Amino acid sequence: MFSLPKYESFRILLLISGSIPVLAFSIPGLLAPVGKRSEKLTSYESGIEPMGDAWIQFQIRYYMFALVFVIFDVETVFPYPWATSFNELGVPAFVEVPIFVSILIVGLVYAWRKGALEWSQLRNPRIIIRISIIS
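Each residue of the sequence shown is one higher than the one before, counting from 1 in UniProt numbering.
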């Protein structure tokens, strides 16, 4: 029967898993057509001729609000496995989770003080007009 040394299967796994993304990103670049026409540089609006400029500036507050939401949404899942196995884990786990939650609270207070959680109106009315014309 075929037998591999102790870490050889892990090396093969690393080689294969490392080569798949490299191939996935390099093969389309080699096979794709090279010519860049003006149609390729325009924005696509469901087959309709583009109206106006496609580059609309969005406020960073949208991204900051979404980022804070994702961070705290994912982090709220972590205490559930701790709560289900609380009896077996003992005192060290009892100390670690309140420290973890307090770090999250410090991050939330920091984001709140920096104004990342404030939802305000757009300051530039031209952006609102431009968005309403395009849609």
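Each residue gets a CB set at the ideal place from its N, CA and C atoms; glycine is no exception. Just so you know, these numbers come straight off a predicted model, no measurement behind them.
Between the CA atoms of P21 and F12 - distance to the nearest angstrom = Counting from 1 along the sequence shown, the entry for residue 12 is found at position 12. Counting from 1 along the sequence shown, the entry for residue 21 is found at position 21. Residue 12 is actually Ile in this sequence, not Phe. Looking at the two C-alpha atoms, the distance is approximately 15 Å.
Helix, strand or coil for R37, going by three-state DSSP, please let me know.
-> Looking up residue 37 in the sequence shown gives position 37. The answer is coil: DSSP assigns R37 none of H, G, I, E or B.
Taking three-plus beta-carbon pairs below 8 Å as touching, is the stretch 71-82 in contact with the stretch 98-107?
-> yes
My guess is that V68 and A111 are in contact by the Cβ rule of under 8 Å, so how many angstroms apart are they, rounded?
-> In the sequence shown, the residue the question calls residue 68 occupies position 68. In the sequence shown, the residue the question calls residue 111 occupies position 111. Yes, V68 and A111 are in contact; Cβ-Cβ is about 5 Å, under 8 Å.
Report back the beta-carbon spacing between V97 and P81 to the nearest angstrom; my notes put them in contact at under 8 Å.
-> As a working note, residue 97 is residue 97 in the sequence shown. As a working note, residue 81 is residue 81 in the sequence shown. At roughly 10 Å, the Cβ-Cβ gap does not stay under 8 Å, so V97 and P81 are not in contact.
Look at the alpha carbon of V101 and the alpha carbon of I60, and state the distance between them as a whole number of angstroms.
-> Sequence index remark: in the sequence shown, residue 101 carries index 101 (1-based). Sequence index remark: in the sequence shown, residue 60 carries index 60 (1-based). Spanning the two alpha carbons is a distance of roughly 27 Å.
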